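Heads up, the sequence shown is in the working numbering, so the first residue is 921 and it goes up one at a time.
Below you'll find the structure, written out as structure tokens, and then a few comments.
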Amino acid sequence: MWAKRRTFYPKEAADADGAPRAAETPRYLQQKSAGASEGEMSEHDFNFIASLGYGLIPEVTREEAAALLPWVLGGPAAAEALTTDDDALARFSQIEYFFVGTDNGQLFLMPLLPPHLTSYVRALRAAAAPRLPEKGVRLLLHRHMVGEPVHAQDHLGTLVASGSADGCAVVSFYHPHPAPLVCIPHPKMIRCVKLWEGSVFVRAALQETPPSAWAAELQRGESAAVYLFTADEGAEVRLWRVDALRRTYVLLHLFVMSPNAPRACSSLDALAREERRGRATRRETDTPAHCLTLDGDERLLVGTEGGAYAWQLSALAWKDGYATDASHPLCWDEARRRPGGRDAGTLRRLQMRAARLANHHVWLRDAAFVEPAMARCAGTAWKPKYGRTITGGMAVGVVSNMVRVEEAGAPGAGEAVAACLAASAVTVSFEGGQVRNDVRLPLCCVEPVAYPLQHLRMAGSACFALATLAPGARVLTGGSDGRVAVWRWRAADEAYVLLLVTEGERQPHRGLGRHFFVLRHPDVFLSCGFDDGLIREWHLYDDPETFMSCERCFSLMPVASYDKATAAANGQSSFKEMANLMRAAMRGGDKAEGDGGSSGEDADRAEGEAPPEEEVAAGVSCGAIFPAFRALFLVGTFDNAVQTYSLSEVQGCTPPANFIYNGLKTVKLPSYLKMDQCYELGREEEEAGAKAP
């Protein structure tokens, strides 16, 4: 059963003293220089939590502990006595973090110290011993635009990324020394971010025997690289390569959402077909991305209006931060999975693909590369506004005319490839109106977009939740209609097929299904309702037939309801309020300490009928899960506290000592209520009901 544990209050946590400076976006710096307007929220305050993440560092070295103590305890002065304390450093064995995105453009890092360390610090009686802040400590990592929520965040290893409406994606180190890494500007509001290891790019190189010089160079470069997906409100997804050592980034690919594009496994698939399309492929331009996930290292899925789009990742071209003729996607050798060489075969591939670019969507490289290239190419002219509006993947255009590859005058094939890229001109028109007229550009400046592999259609619904239940095999989708669907990857068809979907009038959630949390691969997951506040635990079975069953269900209540029960237990409420809370606990309507997962009749009701409206007082805004601990972290809508739940195994039908079955469900008793008092209260209610006419 699911039982409520602790509650964390990031809003009331103490700000870390002497902490590193936060990463600040350009839009925030503009606001800061202009000054706050009247009635605007303070830049240090926030109302509610907009996104949540959880990370665990299982091992902390003594050097890392000495670096962390000065700010995780509130400040250097408080930790001075412990940085040289061998016992304290030995107890600092691990550390947990909450990543808290707020409605005011902040991303906070909130550390959770090991219990044996906090008990040791509190036990010290020396005058110089630090006093732990009661509500914990928080560190400001990212400072986005004031007044805009940070809905997008993700972490991988010791890196964390966030995005907001200010159009900037920020990546930083958070352990052991918090420090900004890069700040990537975008043309539109960012909806989703996802960090990725990108092992698919080095997979072929690792299998080479013996490894080539290029494979060795790739492995060295990838050791310091991390990849970032960003999805915006304009139906565009970008893949960035971030170099953690050089603190640089480069745009690798731009994915577009196209409902009528032919199936594509890479950005080069459409250029490999013999047929010529008489019209441009239609792409979405005003459809926001609601969620984003990865199916292993193979596919990218993005939820949007009407369903989800899937792109193949394993066949994408790779390049580093240095723009060369060999690194251009039109020269990519798909058979050997490496950049094209300086041979005649590369030249033939370039000529064939360039001749088929008509009506294909493209994006431009960064301004530092495009401007000198246009100066060397005849018939092209650079304008300063291009650097602000269309270069660096800021806009997507379509090739409006047939591309004629100029004959290379260079004697060698390698020089011919570079000459063709630099001398051949491409006419591009921009549908978004970034520039009024068509623009002629050198071929080396444009790169083809990646069209989707498949459109997973959800009729009459938008996809707001995605999760990978079994990497490479099953994914989950949740819609605005509350339905939960399971999709299976069919390798023979290279497509997702619908496996199961909840149907009928009794849907899992009333309204929007916002989040999925995978508790165990490949068959146990949780679904959370944004409107009804229900958390359902689903089990997927394959034998004797494939079906899905809701095994447990509980409701997320606002923190105020638990605070009210605690105040009553401490004698801060009247006797009448205490009696009402007791009766509510007996009825299961007001869960003073949390609602345990159900069995018996409760499981039957979880399968169909949802709890009454009065039992659900808060929706699920965001959350995180740590399956190894069976720990679930949830935040209610417009709430500023993190509620933690854990899954407890119950053997047999007898509930634990602090739980009682009230005839409808198993509920947890408030700490002030004894078991005998519950039975006495129940007999009083039965006698009163018998005497009633």
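Think of the CB as a built atom: it goes at the ideal place given N, C-alpha and C, for glycine as much as any other residue.
Because the structure is a prediction, the values reported are computed rather than measured.
Identify whether residue i lies in helix, strand or coil by the three-state DSSP scheme.
i     : result
A939  : coil
E1054 : coil
C1365 : helix
S1119 : helix
L1341 : helix
C1251 : helix
G1353 : coil
D874  : The chain is shown only over 921 to 1613; residue 874 falls outside these bounds and no answer can be derived.
D1515 : Interpretation of D1515 is limited by its pLDDT of 42, a score under 50 that renders its predicted location unreliable; no figure is taken from the coordinates.
P1531 : Because the pLDDT at P1531 is just 48, under 50, the model does not fix this residue reliably, and the value given afterwards should be weighed accordingly. Coil.
L1171 : strand
L993  : coil
G1158 : Note on identity: in this sequence residue 1158 is Arg, with Gly being the wrong assignment. Strand at R1158.
G1216 : coil
S1143 : coil
D1559 : coil
R1063 : strand
R1203 : coil
T1422 : coil
P1442 : coil
A1480 : helix
K952  : helix
D1152 : strand
For residue i, tell me which candidate among the options has the shortest Cα-Cα distance.
i     : options                    : result
C1251 : G1556, A1345, A1336, T1300 : A1336
W1116 : A1133, D1074, K931         : D1074
L993  : A1295, L1052, A1228, M1378 : L1052
H1062 : H1280, L1037, R947         : R947
R926  : G1056, S962, Q950, D1023   : G1056
T1466 : F1437, L1418, T1213, G1261 : L1418
P1069 : L1589, D1023, R1058        : D1023
Q1412 : A1393, L1191, S1400        : The amino acid at residue 1412 is misidentified as Gln; the sequence shows Ala. Of the candidates A1393, L1191, S1400, the one whose C-alpha sits nearest the C-alpha of A1412 is A1393.
S1400 : G973, F968, C1211, P1179   : C1211
R941  : L1079, I977, P1100, E1457  : P1100
L989  : W1134, T1004, G1118        : T1004
M1030 : D1452, E1016, L1389, R1262 : E1016
E1423 : L1439, T1557, G1402        : G1402
A877  : L1002, A1125, A1275, C1185 : Coverage of the chain is limited to positions 921 through 1613, which leaves residue 877 absent and any answer about it impossible.
S1475 : C1297, V1438, V1540        : V1540
E1153 : L1191, V1562, C1112        : C1112
S962  : L1589, V1421, P978, M1065  : M1065
P1428 : K1305, V1290, T981, A1405  : A1405
R1123 : S1084, R1257, C1542        : R1257
G1025 : R982, L1277, D1086, A1548  : D1086
A1190 : M1294, N1279, V980, L1076  : N1279
A1275 : V1325, S953, L1027         : V1325
On the DSSP bridge assignment, give the partners of residue i in chain order.
i     : result
L1386 : T1397
P1031 : Y1017
E1552 : Per the sequence presented here, residue 1552 reads as Leu, with Glu not at that position. Note: L1552 sits in a beta bridge opposite I1545, Y1565.
S1447 : F1436, R1456
H1075 : V1080
Y1416 : W1409
F1467 : Y1461
L1002 : The partner list for L1002 (beta bridge, DSSP) is empty, contrary to what the question assumes.
P1131 : Paired residue(s): none; P1131 is not in a bridge.
F928  : V1562
Q1614 : Residue numbering for the chain in the displayed model covers 921 to 1613; residue 1614 lies beyond these limits and cannot be assessed.
S971  : G1021
For the putative contact between residue i and residue j, defined by C-beta atoms under 8 angstroms, what is the C-beta separation to the nearest angstrom?
i     : j     : result
L1361 : A1345 : 7 angstroms
G881  : A970  : Residue 881 lies beyond the stretch modelled for the chain, which goes from 921 to 1613, so this question has no answer here.
L1174 : R1158 : 5 angstroms
W1283 : A1370 : Not confirmed; about 10 angstroms, so no contact.
Q1354 : A1301 : Rounded, the Cβ-Cβ distance is 17 angstroms, inconsistent with contact.
L1188 : E1254 : 7 angstroms
T1456 : S1447 : First, the amino acid is wrong: residue 1456 is Arg here, not Thr. Correct: roughly 5 angstroms between the Cβ atoms.
F1384 : G1433 : 7 angstroms
F966  : K924  : With a Cβ gap of about 24 angstroms, F966 and K924 do not count as contacting.
L1396 : F1436 : 5 angstroms
E1142 : M1177 : Rounded, the Cβ-Cβ distance is 29 angstroms, inconsistent with contact.
S1320 : T1347 : 5 angstroms
T1213 : A1387 : 6 angstroms
A1561 : Y929  : 5 angstroms
L1376 : F1445 : The pair is not a contact, with the Cβ atoms about 18 angstroms apart (cut-off 8 angstroms).
Can you list, in chain order, the stretches of the beta strand (DSSP E) that have 3 or more residues and sit fully within the stretch 1253-1328? 1281-1284, 1317-1319
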